[in-house]
Amino acid sequence: MSTLNAPAAPAYATAVDTRNYLKASYGPVSWLLTLDHKRIGVMYLVGISVMFLLGGIFALLVRTTLLFANNAEAVDPLITAELYNRFFTLHGAIMVFIVIIPGIPAALGNFVLPIMLGAKDVAFPRVNLLSFYMWMLGTALALASLFFGAVDTGWTFYTPYSTSENSPSGMILVVTGAFILGFSSVFTGLNFIVTIHQLRRPGQTWFRLPLFLWAIYSTAVIQILATPVLGITLLLLIVEKTMKMGFFNPAYGGDPVLFQHFFWFYSHPAVYIMILPAMGVMSEIISVFSRKHIFGYRFIAWSSVAIALFGFIVWGHHMFTSGQSALMNTIFSALTFSVAVPSAIKVFNWLATMYKGSIALQTPMLYALWFIWIFGIGGLTGLFLGTLATDIHLHDTYFVVAHFHYVMAGTIFVLFGAIHYWWPKMFGRMYDERQGAIASILLFIGFNLTFLPQFVMGSQGMPRRYYSYDEVYQVYHVLSSVGSYVMAAGLLVMGYCLFTSLKRGAKAPDNPWGSNSLEWHTTSPPPLENFNGTPVADDPYDYHNLEWDPQIQGFRSKKPMVTSG
Amino acid sequence: MSRAFTTLAQFDGTFMMPKQGSTVSASVDSLFYFIFVICAVFFALIVGLMVWFMVVYRRTPQRMDPTSNVTHNTRLELLWSVFPSLLLVLMFVWGFRVFVDMRVPPEDAYVINVNAQQWSWAFTYPNGTETEDLTVPAGVPIKLVMQSADVLHSLYIPNFRVKQDVVPGRYTMVWFEAPEPTPENKPHRLFCTEYCGKDHSNMNRNVIVLPKEDFPEWLENADPLIGMTPEHYQEYVADPQAFITAHPEYVGLMPPAVMGERLYTKKGCVSCHTVDGKANTGPTFQGIWGRTEELADGSSVKVDENYVRESILNPGAKLVKGYGNVMTPYQGRIKDREIDMLIAYLRTLASK
C-alpha cells in the first residue's frame, strides 16, 4: 500500500530514485513483473494497439468483400460466406471486448489516474498487474479459437445458433476468453474505485477531481455491477454448449429471448463503459485547449453518474422485434430517452467551455472536435432507434451498424486524441504536430465516408451481416469500403508519426499543453513514484497560474504546485 | 460498376426511406422525418457553434488568454436539459402510437403461416398451398403467424416497415396491409434480418401483391399438386407428359423430376447437398440413387425410396459416415407427394 499520508520525508530521503519510470530499471522482466501503474498502462496500450490492428484488418476484409454485391453467386470466391461470417464476428468481438472496453480506462486511466490524484500508485498494484494478465489470457484464448473452429455467431453469441449441435467448438474458447476478460475489467474497476476513494491528496475534494476521474469512477461502477451478469451468462452458455443443459436453446427446453435479456443487461451498460471514459477525456482536452475553465463542472460530473445509472435500465431497447411483449417494448422505449438528456448536457457544456476561450487546434483538440461531430451524429441517430415505430423498421439494418459505429468509434477517436495528449507525458517526446493533424483529418474523412452511406442504405432496408446483397445498395457499399481504406491510410500516418517521435521527437516539456491537473506538474516522463516532492491539490481547470514559456516550449507554473518538503 | 451507380435512382421512395408499400408506411415515414428534422437542427446548431468558436476564438500569439472566465450558469443548464426533454417525450408518444397501429392486427385479418429455417422461407396458405415467395391480396389485412424450425430468424419487408423475429419454440406474429398491387417486375423485397448462419444473406424472397380479385384464382393454381384428386395424381405419376397435355387446368404442373428439382431449392436441400459431387454439410446428391452408403455405425444401406423418405422425415436415423446430425427433421413440413417429386429428381442424378 501507498504511504501517502505519511509525514514529509526528511531531507536525506529525497535521494530516492528520481530517474523516470522508463529508466528506473531495464529488461523484459522489469516490465513483465512490474507493479508500476505507468508501466502496466503502457503494456496495456501496446497490447490494445496490436489487437486494434488485428480487429481493423478483419474490418478491412469485411469491407473488401462487400465491394461486390453477388458474392454468393461468385465461382470460387476468395472470401467465402463462412469466412466472411467469421471476419465480422472477430472484428466485433475483438473491438468490443478486447479493445474498446479496456481501451481508455486500462491503458490511459492506469497511467494517469494515480498521478492525477497525486498518488504513487493505484490502491492494489498487484491486482492491477493481475488484471493485465487476465486481459492477456482472455485475449489469447479468444484468438486460440481461430485454430479450433473459428466462431461465426457474431459478437453477440445469440442462442440457439451459438449452442446448437453444429456450432463451432471454438465457441467454448471465445466465450471462456470473454469470461476471463470480464475479470480483468472488474479488477480494474475495483482498483480505480478504491484508489479514488482512498488516495486523493488532502484537500483534493470530490469536486476538485479532474472530470476524467468522475468518468472513470462511473465507468468502474458499471464494470463492477454489470460484468458479473455477463460472466454468469457466458458460463451458462458454455454449460449449455458442452452438457446440453437447457437455458437458452429451445431444443433443450430453454428460451432464446432470455439469453438476449441477460446479454444486453451487460452489453448495453457496456456501451457506457466504452463511451464514459471518452467523455471524461473530452472534458480535459476541451478545457485545456480552450485555456478556459470547464463550463458546468457539476453538471458534467453528475451527468456521468446519471448515464451510469440510467444505462442499467434501458437494455430492452435492443429487443423491440425479439418477441418481447409490447408493454415491455413501451417501457424500455420510454426509459431509453432518459439517457439522451445527460449526454446532451455534456455536449452543450463542452461547447460553452469553448465559448470565448483561446482555442489551440493541436492534434488532441482536433480529435476532440471530431468527437463532437461524430458523437453528435451517433447520439442523435439513437433517437430514431429509441422511438418504437421507427426502430421496428431500422433494427438489424445498416442504420444500426452506422449508429453504433458513430458512438463506439467515437470512443476510438477520443482514445487517439488521448494518446496524443498524454504521449509527451508517457514517453517524454513530442510527436510531429503536422503529421498528427494530417492523420486525424484522414481518419475523420475516412470515417464519415465509411459510415454516412450506411445510414442511407440501412434506412433503405439493407440488413446487417449480409455477405451478398441486392445491387441497389452497391454504390453505398463501395463508398463505404473506400472510406475504410482512407481510414487505414490515416492509421498508417498516425503510427508513423508516433513511432518516429520516440526516437526523433523533441524532448517534451513538463507541461506542453498548459493543463493544471497534477500529471502535468511532474516531469515528462514522471519519476518512478510520480512526483519528486509533494503535489498540491488545486482546481484542475484554473489556468491563471500557468504561463507560456517559449524557452521550454511549454507552460510554466507561476507558483509551484509540487513542494519539495 | 456503372450499373450500380445508375441504380441510385432506383429507390422508389425518398432519400432515406424506401417505397411506401403498406398502410403504416406513411405514418412511420412522417415520424422518421420529424425526428430527422429535429436531429438536423440540433446537429447544425452543435457543429455550427463548434466551427464558429474554432474560427473566432482561435489562439494566436496576440490572443493567448480567453476573454471570459464564466464557469457555470445554472439557468442555462436547466434550459438545455428541460427543452430537449420535452421533444423526447413527444418522440416517445408519437412512436408509441404508431407502434400500437403496427402491432394490433384487425380481427378479420387473413392468416398465412410462415415457416423459417436455415435458409429458406415457406409461406403456407389456408388451403395448404406452400410457396417460397409471399403472395398476398391488395387491400386485405394479412397476419403472418411465424415459427422457426432451428435458430432465430427475422422477417423484414422494408417497403412495409415491418419486422419481427421468428423464434424457435414459440409463435410470433406480424401484420400488414398492402393497398396497392405490385407491378409485374417490381415486387417488394423480403429479408431475413436476424443473423442465422452461413447463407443468412440468401434468405431473401419477393412479396407479390395481387389485385384482390385475382388472388383466389392464383391461390387455387399456385400448387398443382395440392388440388389434384388421388385418381388424377395416379394418372399424372403414371404418364406425366400425357396428363399435363390433357389437363391444362393444372397451371404450372411439370414432370415429377422437374417439380422435384424445384423442391430441392425451395425446401432448402440445396444449402447442404450439392449435385456436382462436392462434399458439403451433407452428402452430395450426385449419383446418390442406388448408391450403397456406409453409415456412421459401420453398417451400410442402399439408397432407395424408403431410405430417402426416412432421411427426409427423420434425418438422424441413418447417418452417412463422416457427416454430423445437423439436418432439421422435415416431419410435418413436407407432403408425401412432394417426397415423390424429390425421389423422381434424385433418380435423374445417377452418375454418368
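Residue numbers (the numbering used here), protein chains in the order written: chain A, 1 to 565; chain B, 1001 to 1352. Cβ atoms here follow ideal geometry from the backbone N, Cα and C, with glycine treated the same way. The model shown is predicted, which means the values in this text are computed figures rather than measured ones.
| Check | Outcome |
| --- | --- |
| On the DSSP bridge assignment, give the partners of Lys1143(B) in chain order. | Val1111(B), Trp1175(B) |
| At a Cβ threshold of 8 Å, is Phe157(A) touching chain B? | no |
| Taking the alpha-carbon positions, what's the Leu479(A) to Asn1314(B) distance? | 47 Å |
| Can you list the residues of chain A that Asn1069(B) reaches, using a CB-CB cut of under 8 Å? | Lys292, His293 |
| Opposite Leu1295(B) in the DSSP bridges: which residues? | Val1320(B) |
| Under DSSP, the beta strand (DSSP E) around Glu1220(B) begins and ends at which residues? | Glu1220(B) -> not in any beta strand (DSSP E); alpha helix (DSSP H) instead, spanning 1215–1222. |
| Which full runs of the beta strand (DSSP E) of 3+ residues lie inside the region 114–194 of chain A, going along the chain? | none |
| Please classify Pro1168(B): does DSSP put it in a helix, a strand, or coil? | coil |
| CA-CA distance, Ile569(A) and Leu236(A)? | Absent from the model: residue 569(A). The displayed extent of chain A is 1 to 565, so no value can be given. |
| Should Asn70(A) be flagged as near chain B, meaning a C-beta pair shorter than 8 Å? | no |
| So if I threshold CB-CB distances at 7 Å, which residues from the region 1210–1230 of chain B count as touching chain A? | none |
| For chain B, find out if any of its Cβ atoms is closer than 8 Å to the Cβ of Arg429(A); answer yes or no. | no |
| Work out the CA separation of Ser1022(B) and Glu1177(B) for me, nearest whole Å. | 5 Å |
| Can you round the beta-carbon distance between Pro1261(B) and Arg1205(B) to whole angstroms, since I take them to be within the 8 Å contact cut? | Inspection of the sequence shows that residue 1261(B) is occupied by Glu rather than by Pro. Not a contact, Cβ separation roughly 18 Å. |
| Hey, would you say Ser167(A) sits closer than 8 Å to Tyr161(A), going by beta carbons? | yes |
| Using a Cβ-Cβ cut-off of less than 7 Å, give me the residues of the region 223–244 of chain A that come near chain B, in sequence order. | none |
| At a Cβ cut of 8 Å, what residues of the region 1182–1212 of chain B count as close to chain A, listed as they run along the chain? | Arg1189, Phe1191, Cys1192, Thr1193, Glu1194, Tyr1195, Cys1196, Gly1197, Lys1198, Asp1199, His1200, Ser1201, Asn1202, Asn1204 |
| DSSP on Asn20(A), reduced to helix/strand/coil? | strand |
| Taking 8 Å as the cut-off, decide whether the C-beta atoms of Leu1253(B) and Trp1289(B) are in contact. | no |
| Would you give the residue range spanned by the beta strand (DSSP E) that Glu547(A) belongs to? | 546–549 |
| With a threshold of 8 Å between beta carbons, is Val29(A) in contact with chain B? | no |
| Listed from N- to C-terminal order along the chain, which residues in the region 189–213 of chain A have their beta-carbon within a distance smaller than 8 Å of any beta-carbon of chain B? | none |
| Quick check: the region 332–340 of chain A against the region 1088–1098 of chain B, are at least 3 beta-carbon pairs closer than 8 Å? | yes |
| Residue range of the alpha helix (DSSP H) that Ile40(A) falls in? | 37–65 |
| Could you confirm whether any beta carbon from chain A is found closer than 8 Å to the beta carbon of Thr1274(B)? | no |
| Looking only at its chain, what residues have a beta carbon closer than 7 Å to the beta carbon of Ala1138(B), apart from the 5 residues adjacent to it on each side? | Ala1178, Pro1179, Glu1180, Pro1181, Val1209, Leu1210, Pro1211, Lys1212 |
| Please state if the CB of Leu452(A) and the CB of Cys1039(B) are separated by a distance shorter than 8 Å. | no |
| Counting pairs of Cβ atoms below 8 Å between the region 444–462 of chain A and the region 394–407 of chain A, do you hit three or more? | yes |
| Look at Pro1168(B) and Val1145(B) and say whether their C-beta atoms are less than 8 Å apart. | no |
| Quick check on Gly554(A): buried or exposed, where buried means 16 or more other Cβ atoms within 10 Å of its Cβ? | buried |
| Going by C-alpha to C-alpha distance, which of Glu1294(B), Gln1331(B), Asp1336(B), Leu1049(B) sits closest to Lys1318(B)? | Glu1294(B) |
| Where does the unbroken alpha helix (DSSP H) through Trp302(A) begin, and where does it stop? | 297–310 |
| Please list the terminal residues of the continuous alpha helix (DSSP H) segment that includes Ile294(A). | Premise fails: Ile294(A) is in no alpha helix (DSSP H) and is neither H nor E. |
| For Leu366(A), which residues from the same chain have a beta carbon less than 7 Å from its beta carbon, with the 5 sequence-adjacent residues on both sides left out? | Ala437, Ser440 |
| Between which two residues does the alpha helix (DSSP H) holding Ser515(A) run? | Unbroken run through Ser515(A): none, as it is neither H nor E. |
| Is it buried or exposed for Asp1276(B), if we count other Cβ within 10 angstroms and need 16 for buried? | exposed |
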